[in-house]
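**Q** First residue of the sequence shown? That's 151 in the numbering used here, and the numbers climb one at a time after it.
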Amino acid sequence: MTPEQLKQRVRQIVVWKRGDQRAPHKPLLLLYALGRLVNSNQRRIPYSEVDRDLRLLLLEFGPERKSCHPEYPFWRLQNDGIWELSNADQAELRAGQTDAKKSELLKYGVYGGFTEEVYTLLVTQPRLISELAIEILSQHFPASIFGDILLAVGLEIEFEQSIRRKRDPAFRERILIAYQYRCAVCGYDVRIGNHHVALEAAHIKWHQAGGPDAETNGLALCSMHHKLFDRGAFTISDDLALCVSQKANGTSGLSEWLMAFHGRPLRESQSPTWRPSREYLNWHREEVFHGPFLCQ
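(1) When DSSP labels each residue in this structure, what does R314 get in the three-state scheme?
(2) Spatial neighbours of G164 within its chain, please: C-beta separation below 7 Å, excluding the five flanking residues on both sides.
(3) Which whole-angstrom value describes the C-beta separation of E285 and R161, a residue pair presumed to lie in contact below a C-beta threshold of 8 Å?
(4) Are E234 and M151 touching if we call contact CB-CB under 7 Å?
(5) Here's the rule: buried if 16 or more other CB atoms are within 10 angstroms of the residue's CB, otherwise exposed. What is G169?
(6) Could I get the ranges of all uninterrupted alpha helix (DSSP H) runs contained in the segment 295-349, with 4 residues as the minimum, in chain order?
(7) Whose C-alpha, out of K257, E242, P362, is nearest the C-alpha of A250?
(8) With a threshold of 8 Å, are at least 3 pairs of Cβ atoms found where one atom belongs to the segment 353-362 and the other to the segment 423-435?
(9) Return helix, strand or coil for W356, following the three-state DSSP convention.
(10) For L227, collect the residues of the same chain with a Cβ closer than 8 Å to its Cβ; drop the 5 residues on either side in sequence, then sort them by chain order.
(11) How long is the line joining the alpha carbons of R194 and E154, rounded to whole angstroms?
(12) CB I295 to CB R381, shorter than 7 Å?
(13) For the beta strand (DSSP E) containing L178, name the first residue and the last one.
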């Protein structure tokens, strides 16, 4: 297997799909496994540790769900040609399915990790680890939270210049014009000379989830509110009021950056035709926002 073939397999991993729902289980598991390889040269990881650690990653970077199932990606990643299990032969499968029960993975001390071929490639070409991490992040998450995810899985990567995705280069300018070069939440509009600093065009429905580069799917946000929005600390109601998550907490910054705007309307775009789409707002509430929904 060549490095390019490995990258292609990672791009083609089968991710569970149901409509527009997000399922970052396999991407987060791969990033976690890359972190374990870098920090402890560990190829195979016991499911007991994956169950604990991947669960935390899903709670932090995944959509709100009633339950997490780290056992699904741990088992199913075998089918993508880069992952293998050991001690799994006796594990009982779920009725009518090809997945092993979580209790069986724990009972038999099942381990999972990169195949020996993949492991050897990564160890002998360590730069490939960074390249794979960027591939995974770019396919499944917005750039505003790359650093948070890398920190959580223990990877240190310079990613600013490594992001290569096809996007409308005029999207940022159109969104900033639509909101008169001001953050739609707080009104931030700092410039150095004629250049706006830390003012960004945020996708409401992530580009990685199929969100278009359209005015109805964009908001002008300062870098702080962009990250808070993409991390699900707040969302937007259909009547364009800002709603803070009950899970947001802190002693410094919470009031200034979030609670001061809770229940208040966003700044309006210059044209009614650019009003954020209810479809995209609903996607953000369902797939990104860490509820419960607090707006009255």
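Glycine included, each C-beta is placed from N, C-alpha and C at the ideal position.
**A** According to the structure shown:
(1) Any reading at R314 must be qualified, since the residue scores a pLDDT of 46, below 50, and its modelled position is unreliable; no value is offered.
(2) For the sequence presented, residue 164 should be read as Val rather than Gly. These residues qualify, in order along the chain: N229, D230.
(3) Confirmed, Cβ separation roughly 6 Å.
(4) Not closer than 7 Å, so no.
(5) Within 10 angstroms of the beta-carbon of G169 lie fewer than 16 other beta-carbons, which makes it exposed.
(6) Here the runs fully enclosed are 296-303, 321-328.
(7) It is E242 whose Cα lies nearest to the Cα of A250.
(8) Pairwise C-beta distances place the segment 353-362 in contact with the segment 423-435, as three or more of them are shorter than 8 Å.
(9) Of the three classes helix, strand and coil, the one that applies to W356 here is coil, per DSSP.
(10) If we look at L227 and ignore the five residues flanking it on each side, its Cβ neighbours are I163, K176, L179, L180, W233, G262.
(11) Counting only the Cα atoms, E154 lies some 23 Å from R194.
(12) Yes, Cβ-Cβ distance for I295 and R381 is below 7 Å.
(13) Careful: L178 lies outside any beta strand (DSSP E), inside the alpha helix (DSSP H) at 175-190.
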